[in-house]
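Q: Please read through the structure below; I'll follow up with questions.
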Amino acid sequence: MRKAEFEVPSEVMAEFAEEMASRDLDNKVIGTNEDNEIVVEVNYEREESKSVDELEKILDNLREQIEEEEDEDQ
Numbered sequence: 067m068r069k070a071e072f073e074v075p076s077e078v079m080a081e082f083a084e085e086m087a088s089r090d091l092d093n094k095v096i097g098t099n100e101d102n103e104i105v106v107e108v109n110y111e112r113e114e115s116k117s118v119d120e121l122e123k124i125l126d127n128l129r130e131q132i133e134e135e136e137d138e139d140q
């Protein structure tokens with residue numbers, strides 16, 4: 067069993083959770099970090115690696131959306 071940790075900004079947690087659920091990955095929230103991001107642990111098998119890679123890309127895109135919105139607000 068492999069493990070990945072994601073630090074998810076609270077603003078996009080709902081979207082990230084939907085994406086994670088649609089991939090049926092074993093996961094749990096393990097806390098928050100100093101930036102108040104939600105720390106999610108995902109346990110997966112080798113054959114699920116592609117799904118975890120997709121989640122990483124999705125999280126990167128969600129972070130970019132947050133940054134763009136913050137730039138627009140300034």
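The sequence shown maps to residues 67 to 140 in our numbering. All C-beta atoms, glycine included, are put in the ideal place defined by N, C-alpha and C.
1) With D92 as the anchor, note down where its beta strand (DSSP E) starts and where it stops.
2) Considering only their Cβ atoms, is the gap separating I124 from E73 smaller than 7 Å?
3) Under three-state DSSP, which class holds V109?
4) Note down the Cα distance separating E113 from D119, rounded to an integer number of angstroms.
5) Starting from E133 and walking both ways along the alpha helix (DSSP H), at which residues does that stretch end?
A: According to the structure data:
1) D92 to T98
2) no
3) Position check: residue 109 holds Asn in this sequence, whereas Val was assumed. If DSSP states are grouped into helix, strand and coil, N109 belongs with the strands.
4) 11 Å
5) S115 to D139
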